[in-house]
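Q: Quick one: structure below, then a few questions.
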Amino acid sequence: QLNWIRAFDNGGGKHKRYILGLRYFTWRDDLEVLGTAAGVLAERTRVVAQNDLAGPQIGVDYRREIVNKLDYGFVLKGGLLANFARTETTNTSGPAPAGVGTTNFLAETAETKTSAMLDGLVQIMYTPWRFFMVRAGYQVVYAQELALAPQNLAATGTSLRDFPQVPLPATT
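Residue numbers for the sequence shown follow the numbering used here, so the first one is 31 and each next one is one higher.
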């Protein structure tokens with residue numbers, strides 16, 4: 031994150047800061063599924079989804095003093111970010127149990143879409159010295175329009191489920 035911050039001291043131990051800036055966020059989702067058919071043919075499907083989000087954000091940082099050097103507060107930020115999303119699905123099959131051998135398909139997608147992102151933080155801060163602070167808190171990040179591995183798997187399918195014509199090896 032790269033932010034410009036405008037601080038206000040409201041008196042009485044209350045501090046408010048407005049945030050305007052740029053944010054970069056990355057999210058990667060991996061999923062691997064291994065299945066067998068009739069105990070002789072195995073299939074391995076691997077799905078990778080990569081999201082790189084970048085764009086402007088605005089927010090507010092509010093703090094209030096509990097006692098000298100001990101504060102509590104919250105930070106709320108939100109923005110509309112460009113999401114450069116990529117997905118890749120690889121499907122291989124072969125003799126059980128490994129499921130390696132023939133590559134049945136490789137599906138790749140790349141798209142840019144707009145994602146809304148919200149970020150919230152509740153915290154308590156102890157500042158024993160002006161240049162040193164200890165924080166504890168809880169942060170939640172919510173993002174829309176992410177590429178996710180399970181969604182991509184549902185869209186591309188697997189060879190054992192969707193292509194039953196894959197021949198089973200002869201058994202003796």
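The beta carbon of each residue, even a glycine, is placed where N, CA and C say it ideally should be.
Values in this document were obtained by computation on a predicted structure and should not be read as measured data.
Mapping DSSP to helix, strand and coil, what is Phe38?
A: Indexing the sequence shown from 1 puts residue 38 at position 8. It is a strand residue.
Q: By DSSP, does Ala185 sit in helix, in strand, or in coil?
A: Looking up residue 185 in the sequence shown gives position 155. Three-state result, Ala185: helix.
Q: Report yes or no: do three or more beta-carbon pairs, one from the segment 62–77 and one from the segment 89–99, lie closer than 8 Å?
A: no
Q: Measure the alpha-carbon distance for Gln87 versus Val105 and round it to whole angstroms.
A: Counting from 1 along the sequence shown, the entry for residue 87 is found at position 57. Counting from 1 along the sequence shown, the entry for residue 105 is found at position 75. Each residue's alpha carbon lies about 13 Å from the other.
Q: Could you check how far apart the C-beta atoms of Trp57 and Leu176 are, in whole angstroms? I think they sit under 8 Å.
A: Within the sequence shown, residue 57 is the residue found at index 27, counting from 1. Within the sequence shown, residue 176 is the residue found at index 146, counting from 1. Contact flag correct, Cβ pair sits at about 6 Å.
Q: How far does the beta strand (DSSP E) with Val77 in it reach, from first residue to last?
A: Working through the sequence shown from its first residue, we reach residue 77 at position 47. Note, Val77: beta strand (DSSP E), 71–97.
Q: For Asp60 and Gly150, I'd like the C-alpha separation in whole angstroms.
A: Position 30 of the sequence shown, counted from the first residue, corresponds to residue 60. Position 120 of the sequence shown, counted from the first residue, corresponds to residue 150. Between Asp60 and Gly150, the C-alpha separation is close to 26 Å.
Q: Quick one: what's Glu62 bridged to in DSSP?
A: Sequence index remark: in the sequence shown, residue 62 carries index 32 (1-based). Residue pairing for Glu62: DSSP places it in a beta bridge opposite Arg76.
Q: Could you work out which residue in Pro158, Tyr168, Ala115 is closest to Val78 when comparing CA atoms only?
A: Taking the sequence shown and counting its residues from 1, the one referred to as residue 78 is at position 48. For Val78, the closest of Pro158, Tyr168, Ala115 by C-alpha to C-alpha distance is Ala115.
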